[in-house]
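**Student:**
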Amino acid sequence: MAATPHDNPLGFYLKDRRTRLDPAAFGFSGTRRRTPGLRREEVAQRANISPTWYTWLEQGRGGAPSADVLDRIARALMLTEVEREHLFLLGLGRPPEVHYKPAEGVTPRLQRLLDALDVSPALVKTALWDVVAWNRAAAVVLTDYGALPPDQRNILRMIFLDPRVRAAQFDWDSVARFVVSAFRADAARAGASAEVEPLVAELCRLSPEFDTMWRDNDVRTYGDGIKHLRHPILGPIAFEYSSFVVDGRPDLTMVVYNPATAEDGDRVRSLLDQ
23 MAATPHDNPL GFYLKDRRTR LDPAAFGFSG TRRRTPGLRR EEVAQRANIS
73 PTWYTWLEQG RGGAPSADVL DRIARALMLT EVEREHLFLL GLGRPPEVHY
123 KPAEGVTPRL QRLLDALDVS PALVKTALWD VVAWNRAAAV VLTDYGALPP
173 DQRNILRMIF LDPRVRAAQF DWDSVARFVV SAFRADAARA GASAEVEPLV
223 AELCRLSPEF DTMWRDNDVR TYGDGIKHLR HPILGPIAFE YSSFVVDGRP
273 DLTMVVYNPA TAEDGDRVRS LLDQ
């Protein structure tokens, strides 16, 4: 009985990706081929692994491959990040280890989504909690990020070093502890532990409070909840916040602050209309 995708999902996935590639695009002759795509030995050559070992993988023989072999095959097959993750899930039952890549801003489509949230302050932050996009409501209610140099648009810096941001928090100590523990989890999840070291060193030097909280080693998820602010014009105001990982960009998180009541929404709108 012939093998099925259910019997050997990794092998069928590798074969499917292999047969979609154009040999000429990789410098291989496209003549005298009985089937489309690259040959097994050509994928093995590009991945710098044994042709026999690669053949066994497609045939469901030889046991589980290593993460290094899967990485080589992913590059050889020109897989996208989503396809690479799927390959690891099939081959090892887990996603690949993450390697942090600095964010390069957001797409125009994502910015239009932020702008469509007229009375709901919304922003996009990196794993290092740098704010890289925001809407007008966020600039008016939270912080005018556009008035800050890019290297100062960091949420931790503002919470610990900006007196105005500190004064806007109803319970600064709880907010600060939450931010530190959620930041630690985000950075580790994104594989950015090395990248956060300069920021952490700077904040430990400039803020004894941050230094103490960082040493506590607490972690938690950002998730959702209620945000209470003391706005200099609106006074006390509350928002329900939710966070979402941007699809296809695990390095970015969108946070939306929805007015907790219709009255809060009307107050934000009045401020935006000024």
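Add 22 to a position in the sequence shown, counting from 1, and you land on the number used in my numbering. A virtual CB, placed ideally from N, CA and C, is assigned to each residue, including glycine. Small disclaimer: the values here were computed from a predicted structure and weren't measured.
Could you tell me whether the region 31-46 touches the region 97-116, where touching means 3 or more Cβ pairs closer than 8 Å?
**Tutor:** yes
**Student:** For Leu228, count the other beta carbons within 10 Å of its own beta carbon; 16 or more makes it buried, fewer makes it exposed. Which is it?
**Tutor:** Counting from one through the sequence shown, the residue named residue 228 turns up at place 206. Answer is exposed; the Cβ neighbour count stays below 16.
**Student:** Excluding five sequence neighbours on each side, which residues of the same chain lie with their C-beta closer than 8 Å to the C-beta of Asn176?
**Tutor:** By one-based count along the sequence shown, residue 176 stands at place 154. Cβ within range, chain order: Leu150, Trp151, Asp152, Val153 and Leu221.
**Student:** Which residues in the same chain have their Cβ closer than 8 Å to the Cβ of Leu183, if we skip the five residues on either side of it in sequence?
**Tutor:** For the purposes of this step, residue 183 is identified with residue 161 of the sequence shown, where counting begins at 1. Hits under 8 Å: Leu225, Leu228 and Ser229.
**Student:** Below 6 Å CB to CB, which residues in the same chain sit around Tyr244 once its five sequence neighbours on both sides are set aside?
**Tutor:** As a working note, residue 244 is residue 222 in the sequence shown. Ala204 and Ser265.
**Student:** Would you report the Cα separation of Arg289 and Arg211, rounded to the nearest angstrom?
**Tutor:** Stepping through the sequence shown from its first residue, residue 289 is reached at position 267. Stepping through the sequence shown from its first residue, residue 211 is reached at position 189. Arg289 and Arg211: Cα-Cα distance of roughly 37 Å.
**Student:** Check whether the region 191-207 touches the region 236-255, counting contact only when three or more Cβ pairs, one atom from each stretch, lie closer than 8 Å.
**Tutor:** yes
**Student:** If you run the structure through DSSP and keep just helix, strand and coil, what is Met276?
**Tutor:** Residue mapping note: residue 276 aligns to position 254 of the sequence shown, counting from 1. Looking at Met276 - three-state DSSP - the assignment turns out to be strand.
**Student:** Could you give the DSSP three-state label for Ala25: helix, strand or coil?
**Tutor:** Residue 25 sits at position 3 when you count from the first residue of the sequence shown. Per-residue confidence for Ala25 stands at a pLDDT of 46, beneath the threshold of 50, marking its modelled position as unreliable; no derived number is given.
**Student:** Skipping 5 residues on each side, what residues in its chain have a beta carbon closer than 6 Å to that of Pro143?
**Tutor:** Walking along the sequence shown from the start, residue 143 turns up at place 121. Excluding positions up to five away in sequence, the list reads Ala159, Ala160, Val163, Leu164 and Tyr279.
**Student:** From which residue to which residue does the alpha helix (DSSP H) around Phe34 run?
**Tutor:** By one-based count along the sequence shown, residue 34 stands at place 12. Counting along the chain, the alpha helix (DSSP H) containing Phe34 begins and ends at Pro31 to Thr41.
**Student:** My output table needs one value for Gly59: the three-state DSSP class, helix, strand or coil.
**Tutor:** Stepping through the sequence shown from its first residue, residue 59 is reached at position 37. Coil.
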